[in-house]
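Q: I have a structure here, written as structure tokens, and I will follow up with some questions on it.
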Ligand SMILES: NC(=O)c1ccc[n+]([C@@H]2O[C@H](COP(=O)([O-])OP(=O)(O)OC[C@H]3O[C@@H](n4cnc5c(N)ncnc54)[C@H](O)[C@@H]3O)[C@@H](O)[C@H]2O)c1
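Residue numbers (my numbering): 39 to 293.
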């Protein structure tokens with residue numbers, strides 16, 4: 039798929055992996071609609087990218103709210119790519135605390151609501167918005183979801199986050215099969231540990247020790263590494279139904 043004639047919707051585009059992806063789409067000549075929470079710095083992110091980008095706030099878990107950026111992306115031209123980066127970290131709760139008390143169920147639900155239900159909402163409404171497109175290089179559109187290495191090797195305290203990201207991985211092949219008759223491809227990127235605001239809440243020494251565990255290159259991922267892959271996935275007409283790890287060969291240990 040050519041990128042210089044399309045519009046891309048980037049969720050979570052105010053920050054981190056999404057902001058880098060929006061920047062890369064603009065650099066490739068695409069128009070971009072960034073969506074993120076109203077409280078996010080999405081307006082500043084879009085303004086910094088120039089006239090090719092605009093910010094339309096939404097909560098990805100809310101169908102009515104998400105319709106607004108999708109409508110804006112369809113108005114801007116050919117909505118042919120949705121890169122879904124909006125998400126949240128886990129609750130860092132063990133199943134039982136030190137006193138044997140079970141973790142709060144609501145906390146688990148909240149992580150699943152944003153990362154798993156939110157992803158399905160973006161997937162279904164994004165696909166509906168692209169289903170009426172004409173074929174371009176055999177596709178009506180391409181959707182890129184975001185899982186995590188924690189989908190495969192969740193660490194202690196990551197039950198909610200791993201379950202949410204494991205669900206994103208599990209839905210990828212099904213979604214590609216479901217949407218094949220609409221000529222819409224669905225793939226997922228599973229990042230390892232990336233240097234974004236989500237990881238910035240960790241202490242510097244912890245971030246350095248994480249970088250040490252990565253075989254090669256021995257550093258946290260750059261958001262631009264993710265963006266580069268996201269654009270390749272959108273461009274490549276034969277890539278479908280796949281979860282691609284992007285992690286410098288990292289395999290996370292139990293803690
Ligand atoms: N940074 C990492 O190391 C890493 C590793 C693996 C997976 N991921 C995943 O990559 C994605 C992007 O992470 P990031 O590191 O760029 O984080 P980030 O915190 O920088 O960006 C996430 C964005 O999602 C937005 N968001 C959260 N809930 C939302 C909602 N309900 N509606 C709309 N927007 C919402 C936030 O406002 C934020 O701008 C997430 O799904 C995250 O789980 C990140």
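We put the CB at the ideal spot given by N, CA and C, even for glycine.
Going by alpha carbons, who is nearest to residue 256 out of 262, 277, 287 and 239?
A: Reading the chain shown from its first residue, position 218 is the one you call residue 256. Per the Cα distances, 287.
Q: Using only the alpha-carbon positions, how far apart do residue 136 and residue 62 sit?
A: Counting from one through the chain shown, the residue named residue 136 turns up at place 98. Counting from one through the chain shown, the residue named residue 62 turns up at place 24. Computed Cα separation, rounded: 46 Å.
Q: Is residue 154 near ligand 1 - that is, is its Cβ less than 7 Å away from at least one heavy atom of it?
A: Along the chain shown, read from residue 1 onward, the residue named residue 154 stands at position 116. No, Cβ of residue 154 sits at least 7 Å from all heavy atoms of ligand 1.
Q: Among the candidates 226, 263 and 53, whose CA atom is the shortest distance from the CA of residue 157?
A: To locate residue 157, count along the chain shown from 1; it is residue 119. Restricting attention to 226, 263 and 53, the CA atom closest to the CA of residue 157 is found in 226.
Q: Would residue 223 pass as a contact of residue 175 if the rule is Cβ separation under 8 Å?
A: Taking the chain shown and counting its residues from 1, the one referred to as residue 223 is at position 185. Taking the chain shown and counting its residues from 1, the one referred to as residue 175 is at position 137. No.
Q: Going residue by residue through the segment 173 to 235, where are the continuous alpha helix (DSSP H) segments of at least 4 residues, counting only ones entirely within it?
A: Counting only runs of at least 4 residues, the segment 173 to 235 fully encloses the following alpha helix (DSSP H) elements, listed from N- to C-terminal order: 197 to 216.
Q: On the CB-based measure, 16 or more other CB atoms within 10 Å of its CB, does residue 231 come out buried or exposed?
A: What you label residue 231 is simply residue 193 of the chain shown in a count that begins at 1. Classification of residue 231: buried, given that the 10 Å Cβ count is 16 or more.
Q: List, from N- to C-terminal side, the alpha helix (DSSP H) runs of 4 residues or more that fit wholly inside the segment 55 to 114.
A: Counting only runs of at least 4 residues, the segment 55 to 114 fully encloses the following alpha helix (DSSP H) elements, listed from N- to C-terminal order: 80 to 87 and 101 to 113.
Q: Measuring straight from C-alpha to C-alpha, what distance separates residue 97 and residue 125?
A: Residue 97 sits at position 59 when you count from the first residue of the chain shown. Residue 125 sits at position 87 when you count from the first residue of the chain shown. Taking the straight line joining both Cα atoms gives about 11 Å.
Q: Rounding to the nearest angstrom, what Cα-Cα distance links residue 267 and residue 280 in this structure?
A: Against the chain shown, residue 267 aligns to sequence position 229. Against the chain shown, residue 280 aligns to sequence position 242. So the two alpha carbons sit approximately 13 Å from each other.
Q: Can you check which of these residues, 73, 169, 185 and 186, is closest to residue 179 by C-alpha distance?
A: For the purposes of this step, residue 179 is identified with residue 141 of the chain shown, where counting begins at 1. Of the candidates 73, 169, 185 and 186, the one whose C-alpha sits nearest the C-alpha of residue 179 is 169.
Q: DSSP state of residue 132, grouped into three classes?
A: One-based indexing of the chain shown puts residue 132 at position 94. Residue 132: coil per DSSP, three-state reduction.
Q: Taking C-beta to C-beta, are residue 154 and residue 212 nearer than 8 Å?
A: For this step, residue 154 is matched to residue 116 along the chain shown. For this step, residue 212 is matched to residue 174 along the chain shown. No; because the gap between Cβ atoms is not below 8 Å, this pair is not in contact.
Q: Could you tell me whether the Cβ atoms of residue 285 and residue 187 are closer together than 8 Å?
A: In the chain shown, counting from the first residue as 1, residue 285 sits at position 247. In the chain shown, counting from the first residue as 1, residue 187 sits at position 149. Against a cut-off of 8 Å, the Cβ pair of residue 187 and residue 285 comes out as a contact.
Q: Assuming residue 295 and residue 41 form a contact by the criterion Cβ under 8 Å, report the distance between their Cβ atoms to the nearest whole angstrom.
A: Any property of residue 295 remains undetermined from this structure, which presents the chain solely from 39 to 293.
Q: For residue 273, which three-state DSSP category applies?
A: Taking the first residue of the chain shown as position 1, residue 273 is located at position 235. Of the three classes helix, strand and coil, the one that applies to residue 273 here is helix, per DSSP.
Q: What does the alpha-carbon distance come out to for the pair residue 91 and residue 74?
A: Residue mapping note: residue 91 aligns to position 53 of the chain shown, counting from 1. Residue mapping note: residue 74 aligns to position 36 of the chain shown, counting from 1. Using only the alpha carbons, I get a separation of about 13 Å.
Q: Going along the chain, which residues of its own chain have a beta-carbon closer than 7 Å to the beta-carbon of residue 150, five neighbours each way excluded?
A: On the chain shown, residue 150 is found 112 positions in, with the first residue counted as 1. Only 198, 201 and 202 meet the Cβ criterion.
Q: Looking only at its chain, what residues have a beta carbon closer than 7 Å to the beta carbon of residue 159, apart from the 5 residues adjacent to it on each side?
A: Counting from one through the chain shown, the residue named residue 159 turns up at place 121. Result list for residue 159: 98, 99, 101 and 104, in chain order.
Q: Answer yes or no: the CB of residue 96 versus the heavy atoms of ligand 1, is any distance below 7 Å?
A: Here residue 96 refers to the residue found at position 58 when the chain shown is read from its first residue. Yes; taking the cut-off as 7 Å, the Cβ of residue 96 has a heavy atom of ligand 1 nearer than that.
Q: Pull up the distance between the alpha-carbon of residue 144 and that of residue 131, whole angstroms please.
A: Taking the chain shown and counting its residues from 1, the one referred to as residue 144 is at position 106. Taking the chain shown and counting its residues from 1, the one referred to as residue 131 is at position 93. Residue 144 and residue 131: Cα-Cα distance of roughly 12 Å.
Q: Which of the three DSSP states is assigned to residue 156 in this structure?
A: Working through the chain shown from its first residue, we reach residue 156 at position 118. Looking at residue 156 - three-state DSSP - the assignment turns out to be helix.
Q: Under 8 Å, do residue 327 and residue 184 count as touching if we go by C-beta distance?
A: In the structure as shown, the chain starts at 39 and stops at 293, and residue 327 therefore has no counterpart that could be examined.
Q: Quick check on residue 283: buried or exposed, where buried means 16 or more other Cβ atoms within 10 Å of its Cβ?
A: As a first step, residue 283 is located in the chain shown; it is residue number 245 there, counting from the start. Buried: at least 16 other Cβ atoms inside 10 Å.
Q: Let me confirm a value: residue 138 is counted as buried when at least 16 other C-beta atoms fall within 10 Å, else exposed. Which label applies?
A: Residue numbering aside, residue 138 sits at position 100 when the chain shown is read from its first letter. Burial call: exposed.
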